[in-house]
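**Q** Have a look at the structure that comes next, please.
In our numbering, the protein residues as written are 6 to 224.
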């Protein structure tokens, strides 16, 4: 009976992880749908320009150039050279010469829905480019983030050993809160990569510090 209970618990844990993965994927898809339907093209371009200006005013020019070059290289490899950008446009938008080859369907190709759909594709791919730029900025902070992770791990283990030496039990409420925050913060930060608002240049180290503090609390 004990083995069956352990098996049920393992299956429940796997089901919980699968549900979190499915829920996160659905949230990401819903976010893309909202962007595609509601965010104006000019607004999305203005967000990118504003965020780049904030980066230029906060970080060194060499760092900004490196971040932009890395993001452009990723976008070129993922969307341009892979054919995803051109293939999506060929799949969803009529070609320029189809009006002359479609005979009676020519008037349908002049409907404003195609211009609207073209704008929605521009928003989606522009949002993807912006998300890659934000990931490139996080990568640029990797030395500081690594130090924060090492410091948080050392602090958490040291505090744990001190409590064990003093025969003191850690607070179950504090541990549960730290664990909950440690599990929920990364998916929320992942969703922020696609938010159509300019993010602060120092958001990555601040988020890394908060995550490190939560990790120390978990340990």
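In this text, a Cβ means the ideal position worked out from N, Cα and C, and glycines have one as well.
Have a look at residue 91 and residue 85 and give me their C-alpha separation to the nearest angstrom.
**A** Approximately 7 angstroms, taken between the alpha carbons.
**Q** Run the CB neighbour count on residue 211, radius 10 Å, all protein chains shown included, and call it buried at 16 or more, exposed below.
**A** When all chains shown are included, residue 211 counts as exposed.
**Q** Grab me the residues of residue 80's own chain with a C-beta within less than 6 angstroms of its C-beta, minus the 5 sequence neighbours each way, in chain order.
**A** Only 134, 137 meet the Cβ criterion.
**Q** Assuming residue 220 and residue 157 make a contact with CB atoms under 8 angstroms, what is their CB distance in whole Å?
**A** About 5 angstroms separates the two Cβ atoms, so the contact holds.
**Q** Where does residue 7 sit, in a helix, a strand or coil, going by DSSP?
**A** In this predicted model, residue 7 has a pLDDT of only 47, less than 50, meaning its place in the structure is not dependable; the value taken from the coordinates is given anyway. Helix.
**Q** Name the two residues that bound the continuous alpha helix (DSSP H) containing residue 190.
**A** Here the alpha helix (DSSP H) through residue 190 covers 177-197.
**Q** Terminal residues of the continuous alpha helix (DSSP H) containing residue 81?
**A** Unbroken run through residue 81: none, as it is neither H nor E.
**Q** Using a Cβ-Cβ cutoff of less than 7 angstroms, which residues in the same chain neighbour residue 165 once the five nearest sequence positions on both sides are dropped?
**A** Within the same chain, residue 165 has close Cβ partners 224.
**Q** Quick one: what does DSSP say residue 133 is sitting in, helix, strand or coil?
**A** Three-state result, residue 133: helix.
**Q** Is the distance from the Cβ of residue 153 to the Cβ of residue 206 below 8 angstroms?
**A** No, the pair does not count as a contact, with Cβ atoms beyond the cut-off.
**Q** Assess contact between the stretch 117-127 and the stretch 185-195, defined as three or more Cβ pairs (one per stretch) separated by less than 8 angstroms. Is contact present?
**A** Output reads no: the stretch 185-195 does not touch the stretch 117-127.
**Q** Counting C-beta neighbours from all protein chains within 10 Å, is the total for residue 162 16 or more, i.e. buried, or is it exposed?
**A** Exposed, because fewer than 16 other Cβ atoms sit within 10 Å of the Cβ of residue 162.
**Q** Can you grab the Cα-Cα spacing for the pair residue 54 / residue 87, in whole Å?
**A** Distance between the alpha carbons of residue 54 and residue 87: 26 angstroms.
**Q** Alpha carbon to alpha carbon, what distance is there between residue 148 and residue 83?
**A** If you take the alpha carbons of residue 83 and residue 148, they lie about 26 angstroms apart.
**Q** Note down the Cα distance separating residue 167 from residue 151, rounded to an integer number of angstroms.
**A** Rounded to the nearest angstrom, the two C-alpha atoms are 24 angstroms apart.
**Q** Would you identify the three-state DSSP class for residue 247, choosing helix, strand or coil?
**A** There is simply no residue 247 to check, as the chain begins at 6 and stops at 224 in what is shown.
**Q** For residue 213, tell me which candidate among 146, 184, 202 has the shortest Cα-Cα distance.
**A** Closest option to residue 213, Cα to Cα, is 146.
**Q** Quick check: residue 203 and residue 56, are their CB atoms within less than 8 angstroms of each other?
**A** Yes, the Cβ-Cβ distance between residue 203 and residue 56 is below 8 angstroms.
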